[in-house]
């Protein structure tokens, strides 16, 4: 008979941390399952599989990171994994990511979240930041370009709300909300957002279940979501918005998902109840401040990460005896909460409602016979947008005087799948005034997208917005039919480009991908470009130019790479006539994307006041060339002026 | 409880059904008894020497300290073998008077019976002192000390809550000795000078509540039902539940005096039968004993003998706990004896829980009846953060064990606070 000695007490509840994590996992899987079903039904099975695939990639990456770590640390791998609970991090990370996140980005973010977010701090329970939020922040800041164009969905409510200044006055609300059905539909999760944050009802049920099982405490979610609601309500009142704006603020974005699954992460939140209440109020306030005034459309993630940093301080603030120091603690919570709320409301006074850039055209067209629901116009769309994903093709069908008619085809909403042939196509006839570089009319001849959704962009009213537009103009995305709008716009763009000669009719595959714009008046001093007059015919000047290229990374003369070009400029109009590269000194295979025929063509016809586009992946070379063009234009202008 | 504090208590499974309604076993007296000469801080010098004959009820120990005054009486008749050092249930060595039982049961009345209604308060107080009455809830504090100067007391509380899991000894004792309980409670009420009394009992003990109503309806003592939570029987929690008051050091600050119901029954027995405390109601329970049941056992009986008469141990690795599993200590052998303040032996089969790191869930904070932040105390103790430990009011911890009980990561939270206490004692 052995009598073991153990310090009292020797009695324990049946609830275990593993059990809490099991309940949490079940809830997260339920939310994931909903997402898979929702995406499969709404966007096709490929979207659903994508959600499942991302979850698989993330969970496997997380478990793999754990396994390698515990192996290297010479610890029991099985016990290590079972007491690290990294799959929860992985599932949350997937559910707060967009469905078009690249697989590799998801894998890298998960590994960073688990390793740098958790294991290096000493593993489960020791980390400062919510690891899933950290992973999502990594994707947002480092892999923003990795989003797969084939899996995009409609604009999310937060992005749309951000575009109008995160303020929706009562009068505008009903037209705004139609893009997502209604508040009720948002509550039921029938709109696009991050993978897991759509179905508020399901998430709240999960939250209730977890509170019922005593897996999470109720103060954090209730105070977090409640504070977002109340502060949004007050900010709304300042700007003529009603209670529906506050409800929208809660339903849109990650507030409910974060409120149930992220702010309740005990590891990264304070341990006392007064501390948690203050933390939740702070996180809610920061969520609104970030939404209202930063360049992010939603603030949940960064609010959580910022408050994570305050957790140790808040813990210290409430060190003491909760009975003896009750009055002091209550005052601290009230003062802290009031401070957070005051700052939020102060920031809230600066919120302004920005009416959508392009208002709906005059609704006077009585002939809108077959036109479906009147379109609502959302975010602006520049006609110079990069529509490569649409794989647009146009061919000249007929020409009468200066009026050209192009028959065009472009991928539509169905660009969900890669396999050629299985995506939907839209076809249109675009008539262009060749002399004025303006659209005369657009007529959709074949509509391949989802009826009842995309066709909002094919109505007479929606097509009318293209009329009279040139490449430098912009139109508006039709809310709820952004894909179809883009598809049509891509055909208009192509027709305009063929018409003015900057693109070739059908066939020629795009080699260069254009990114951010670059004004020709940019300060290119660093390039030290120089031009010398090489020849002149009347008003046409030919310059031999040289400029530093990519190698301007080093100061020592001689070590940088040089590019050289011949540039012909029309001195009377101040426009570039042609450009050819004589010497390319930058990295072959990288920078040379910017010297392709297509890339160079964008300079033709440009003046010092125009802008071009940086070639993605070759922005240094683009700048180098642009700097030479600028120098040539300036030389020509000086020459012209001296005469 | 408010929005900013947790419930500061928790309902836990008491496993009381194991023993509550089983017949009480009157144990066969063992051949050898070892009467502790120390009860808590009250120590006695023996009045008998080796070879002396003693009888049941005979006073055999005279206290050395007039404040910690708890005289000792012989539970059996027989011969004194001598004074021996043995380990006590407090895990410290202590002197015990070894008596060899002659199983004749010849007795002597050590003091006269007293009619508490007719006696003056001073006579009654002296009687309580001489009869060796002590807090039988576990503390062993001399009862008369509580009543020497009762000033501003407006509520006398009898604690029949018995919130420690597994233990049902007070319950069995109360059910069996309702009449003595009535006498003892009313005598203590008189001593307290309080206008009224409350006898606190858990709301789920319906049969005991009926008995209490039968005994106390018509007296100034009211039956107060309290919820089935832990630690409902702790003075501060109980007084807060009954009066809404908190206090700093002693219950008297909240106008209250408390005594355990077993103390009241022992006093009733002394008043009506003229007999001191020689027997104890003891719960023997848990999954490590063959026949869990309540037993009546002579003071000084070794634990091994008690367990033997309850059918012996189950399993081969046990936690033998003097008291209940929450606050009782595990004793690494079964040679210690049952003293007057023992009310249970909990024997649990030992299973090591799967423990993971603290997830900072804060459940210990929400349930701590003293309003502490055990998780912070543990973290600060690990890094020896003295400044924070000073603010965390660690000396308010009564080691009730709820933080370890509730911990989902299965950590020894209470033990961490004990370490912090020891560390801070050294720092000061």
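Residue numbers (this note's numbering), protein chains in the order written: chain Y, 28 to 670; chain G, 2 to 429. All residues carry an ideal CB built from backbone N, CA and C; glycine is no exception.
Classified as exposed, residue 463 of chain Y has fewer than 16 neighbouring CB atoms from the shown chains inside 10 Å of its CB. At a cut-off of 8 Å between beta-carbon atoms, residue 346 of chain Y makes contact with chain G. When DSSP reads this structure, residue 315 of chain G sits in no beta bridge, so it has no partner. When C-beta atoms of the segment 161 to 173 of chain G are compared with those of the segment 364 to 384 of chain G, fewer than three pairs fall below 8 Å, so the two segments do not count as touching. Boundaries around residue 301 of chain Y are those of the alpha helix (DSSP H), 300 to 320, since no beta strand (DSSP E) includes it. With a beta-carbon spacing of about 4 Å, residue 35 of chain G and residue 97 of chain G fall inside the 8 Å limit used to define contacts. For residue 140 of chain Y, the uninterrupted alpha helix (DSSP H) run begins and ends at 130 to 142, by DSSP.
Think of a sphere of 9 Å around the beta carbon of residue 334 of chain G: the chain Y residues whose beta carbon falls inside it are 30, in chain order. With the criterion set as a beta carbon lying under 9 Å from some beta carbon of chain G, the segment 90 to 105 of chain Y has no members that meet it.
For residue 44 of chain G, there are no neighbours in chain Y by C-beta distance under 8 Å, as the nearest C-beta there is about 24 Å away. Put simply, of Y/221, Y/223, Y/192, Y/185 the residue whose alpha carbon is nearest the alpha carbon of residue 206 of chain Y is Y/185. Of all residues in the segment 150 to 179 of chain G, only 166, 167 come within less than 9 Å of chain Y when Cβ atoms are compared, listed by chain position.
For the C-beta of residue 37 of chain Y, the chain G residues within less than 9 Å are, from N- to C-terminus, 320, 322, 326, 327, 329, 331, 347, 349, 351, 402, 405. CA-to-CA, the gap between residue 661 of chain Y and residue 637 of chain Y works out to about 14 Å. Residues of the same chain with a CB within less than 8 Å of the CB of residue 516 of chain Y, apart from the 5 flanking positions on each side, are 408, 410, 412, 414, 493, 502 in chain order. Only residues of its own chain outside the window of five on either side were considered, and among them 89, 93, 141 have a CB closer than 6 Å to the CB of residue 113 of chain Y, listed in chain order. Straight through space, the alpha carbons of residue 632 of chain Y and residue 564 of chain Y are spaced by roughly 18 Å. Contact of residue 234 of chain G with chain Y is not assigned, every C-beta pair being separated by 8 Å or more.
Within the segment 73 to 136 of chain Y, no run of beta strand (DSSP E) at least 3 residues long lies entirely inside it. With fewer than 16 other CB atoms across the displayed protein chains lying within 10 angstroms of its CB, residue 105 of chain Y is exposed. CA-to-CA, the gap between residue 617 of chain Y and residue 60 of chain Y works out to about 42 Å. Between the C-alpha atoms of residue 375 of chain G and residue 7 of chain G there is a straight-line separation of about 13 Å. Chain-order list of chain Y residues neighbouring residue 247 of chain G: 350, 351, by C-beta distance under 9 Å. Its Cα nearest to that of residue 599 of chain Y, the residue Y/667 stands out among Y/160, Y/667, Y/300, Y/35. Interface with chain G (8 Å Cβ-Cβ cutoff): residue 145 of chain Y is excluded. The distance from the Cβ of residue 123 of chain Y to that of residue 163 of chain Y is about 5 Å, consistent with a contact at the 8 Å cut-off.
Under the 8 Å criterion on CB atoms, residue 300 of chain Y is classed as interfacial with respect to chain G. If you draw a 10 Å sphere on the C-beta of residue 69 of chain G, you find 16 or more other C-beta atoms in it, and that means buried. The straight-line gap separating the alpha-carbon atoms of residue 488 of chain Y and residue 153 of chain Y is approximately 58 Å.
Residue 263 of chain G has a beta carbon lying at 8 Å or more from every beta carbon in chain Y.
Residues of the same chain with a CB within less than 8 Å of the CB of residue 653 of chain Y, apart from the 5 flanking positions on each side, are 545, 547, 549, 551, 630, 639 in chain order. Distance from the CA atom of residue 128 of chain G to the CA atom of residue 71 of chain G, rounded to whole angstroms, is 12 Å. C-alpha of residue 366 of chain G to C-alpha of residue 339 of chain Y: approximately 16 Å in a straight line. Within the same chain, Cβ atoms closer than 6 Å to the Cβ of residue 417 of chain Y are found at 437, 438, 514, 517, the five residues on either side in sequence being excluded. Under the Cβ criterion of 8 Å, residue 415 of chain G is counted among the residues facing chain Y. Taking the C-beta atoms as reference points, residue 233 of chain Y is found nearer than 8 Å to residue 287 of chain Y.
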